[in-house]
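Numbering follows numbering that gives the first Met the number 0, in which position 181 of the sequence shown is assigned residue number 180; successive positions increment by one, without gaps.
To start, the structure under review is shown below, and the notes come after it.
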Amino acid sequence: MNILIIENEVYLAQKIVSRLLDDGHLCDFIESTNINMEKDYDIVLLSTSLPSSQCKEIIKKYKEHAIVLLLVSYISDETVTDPIKEGAKDYIMKPFIMDELVRKIYHYKEWQSVKKELSTLRAYLEFNFKDVNISNIQLSHTFPLLVSTNSPKMADKVVFEIARKFDLAIKFISLSDTPTWQKDLAKPTKELLYITDYQVLKKSSKDNLNALLDGRKAIICSLEKEEDFPFSKISCMQNNISLMNNNIMTINEYVKLMVLTFQGNYPDTELSKKLGISRKSLWEKRKKLGIEKKKQAKQ
0 MNILIIENEV
10 YLAQKIVSRL
20 LDDGHLCDFI
30 ESTNINMEKD
40 YDIVLLSTSL
50 PSSQCKEIIK
60 KYKEHAIVLL
70 LVSYISDETV
80 TDPIKEGAKD
90 YIMKPFIMDE
100 LVRKIYHYKE
110 WQSVKKELST
120 LRAYLEFNFK
130 DVNISNIQLS
140 HTFPLLVSTN
150 SPKMADKVVF
160 EIARKFDLAI
170 KFISLSDTPT
180 WQKDLAKPTK
190 ELLYITDYQV
200 LKKSSKDNLN
210 ALLDGRKAII
220 CSLEKEEDFP
230 FSKISCMQNN
240 ISLMNNNIMT
250 INEYVKLMVL
260 TFQGNYPDTE
270 LSKKLGISRK
280 SLWEKRKKLG
290 IEKKKQAKQ
């Protein structure tokens, strides 16, 4: 890291520089703000023994791109409260143990990295979900909750919106990719469970899963209607699924989605005709893609 030390106690500043250099950091040390430092820094260690007007200018200059930590001789509004209101992150009292200063530096550097990553992920989610409209869906706080959909992307947005609304972390479990899901669900957690691919399970496995989920904060995504699901259910359907995710789907992905979405509405003869394949090919696709055959819904 690039670190700037602004301290008029030369001996203290030299000790700080020596320790940070030993840790592999690059350091600049100045006693006075009259020296114009135009470099970019990750950390600024600022002594509040400087005039408050100078401290304010330094904080204003560096707070957007660096972490400003105060080196204070005593605590007052002028030395701590006001500088933190201006944008400094924290303070350390003189005299201090050097390890404590280093700990604060690493703590706030990690905090800054997490903050940047969180900002990036939020921007990605907003970009990824910009074409997904769930404004007409009532976000439920009743769990477990089944989301029946023809668009996993819509279900994802529902889950993220519910997690944000109720301030919950999310634990992701794919029933098709996680053979140990039963062991994973047996572990207690305060996170919101987001379970996908419910439709791939046989009825006995679904019954076992439902028993594990009873009374827990969980959202389950299925590409089928799941009439027998014993808990709360919502439906969210995307009208133009051919444009889902703005990507071209593989043939197998498209066939799997179509079969899972419509096999409860059409007999195999009509479904295979709509897909442009034979009934034998439809049977082979089911076997290859692990799609359990469902009975046609009664009209």
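Beta carbons: idealized from backbone N, C-alpha and C, even for Gly.
Just so it is clear, the structure is predicted and the values come from calculations on it, not from any experiment.
Would residue i be called buried (16 or more neighbouring beta carbons within 10 Å of its own) or exposed?
i: residue 236; result: exposed
i: residue 130; result: exposed
i: residue 94; result: exposed
i: residue 122; result: exposed
i: residue 74; result: exposed
i: residue 284; result: buried
i: residue 154; result: buried
i: residue 96; result: exposed
i: residue 185; result: exposed
i: residue 110; result: exposed
i: residue 198; result: buried
i: residue 120; result: exposed
i: residue 150; result: buried
For my contact list, residue i and residue j are in at a C-beta cut-off of 8 Å; report their separation, rounded to the angstrom.
i: residue 44; j: residue 83; result: Incorrect: roughly 15 Å between the Cβ atoms, too far for contact.
i: residue 220; j: residue 141; result: Not confirmed; about 16 Å, so no contact.
i: residue 1; j: residue 61; result: Not confirmed; about 11 Å, so no contact.
i: residue 212; j: residue 196; result: Not really, about 15 Å apart at Cβ, beyond 8 Å.
i: residue 222; j: residue 259; result: 4 Å
Would residue i pass as a contact of residue j if the rule is Cβ separation under 8 Å?
i: residue 224; j: residue 275; result: no
i: residue 299; j: residue 11; result: It is not possible to answer for residue 299, since the shown part of the chain is limited to 0 through 298.
i: residue 192; j: residue 164; result: no
i: residue 65; j: residue 42; result: yes
i: residue 161; j: residue 138; result: yes
i: residue 288; j: residue 281; result: no
i: residue 77; j: residue 51; result: yes
i: residue 3; j: residue 21; result: no
Where residue i and residue j are concerned, what is the direct C-alpha to C-alpha distance, given to the nearest angstrom?
i: residue 267; j: residue 254; result: 13 Å
i: residue 59; j: residue 87; result: 9 Å
i: residue 265; j: residue 157; result: 28 Å
i: residue 209; j: residue 217; result: 10 Å
i: residue 152; j: residue 99; result: 46 Å
i: residue 214; j: residue 143; result: 7 Å
i: residue 205; j: residue 127; result: 30 Å
i: residue 55; j: residue 108; result: 22 Å
i: residue 16; j: residue 91; result: 16 Å
i: residue 233; j: residue 114; result: 34 Å
i: residue 187; j: residue 9; result: 54 Å
i: residue 256; j: residue 231; result: 23 Å
i: residue 136; j: residue 145; result: 13 Å
i: residue 67; j: residue 251; result: 54 Å
i: residue 298; j: residue 226; result: Its pLDDT being 42, under 50, residue 298 is placed unreliably by the model, and nothing is read from it.
i: residue 228; j: residue 89; result: 52 Å
i: residue 19; j: residue 106; result: 15 Å
i: residue 278; j: residue 178; result: 30 Å
i: residue 203; j: residue 102; result: 53 Å
i: residue 134; j: residue 116; result: 27 Å
i: residue 7; j: residue 25; result: 19 Å
i: residue 13; j: residue 85; result: 27 Å
i: residue 183; j: residue 168; result: 16 Å
i: residue 194; j: residue 176; result: 11 Å
i: residue 37; j: residue 79; result: 25 Å
i: residue 207; j: residue 273; result: 35 Å
i: residue 189; j: residue 132; result: 28 Å
i: residue 57; j: residue 159; result: 39 Å
i: residue 31; j: residue 172; result: 56 Å
i: residue 112; j: residue 261; result: 46 Å
Would you check whether the ligand FAD has a heavy atom nearer than 7 Å to the C-beta of residue i?
i: residue 146; result: The ligand FAD is not among the ligands present in this structure, which contains no ligands whatsoever.
Segments of 4+ residues assigned as alpha helix (DSSP H) that fall wholly inside the segment 102–184:
With a minimum length of 4 residues, the continuous alpha helix (DSSP H) runs that stay inside the segment 102–184 are 151–164.
Along the chain, which unbroken stretches of the beta strand (DSSP E) at least 3 residues long are found entirely within the segment 189–219?
Whole beta strand (DSSP E) segments, 3+ residues: 191–195.
Which full runs of the beta strand (DSSP E) of 3+ residues lie inside the segment 42–66, going along the chain?
For the segment 42–66, whole beta strand (DSSP E) runs of length 3 or above, ordered along the chain, are 42–46.
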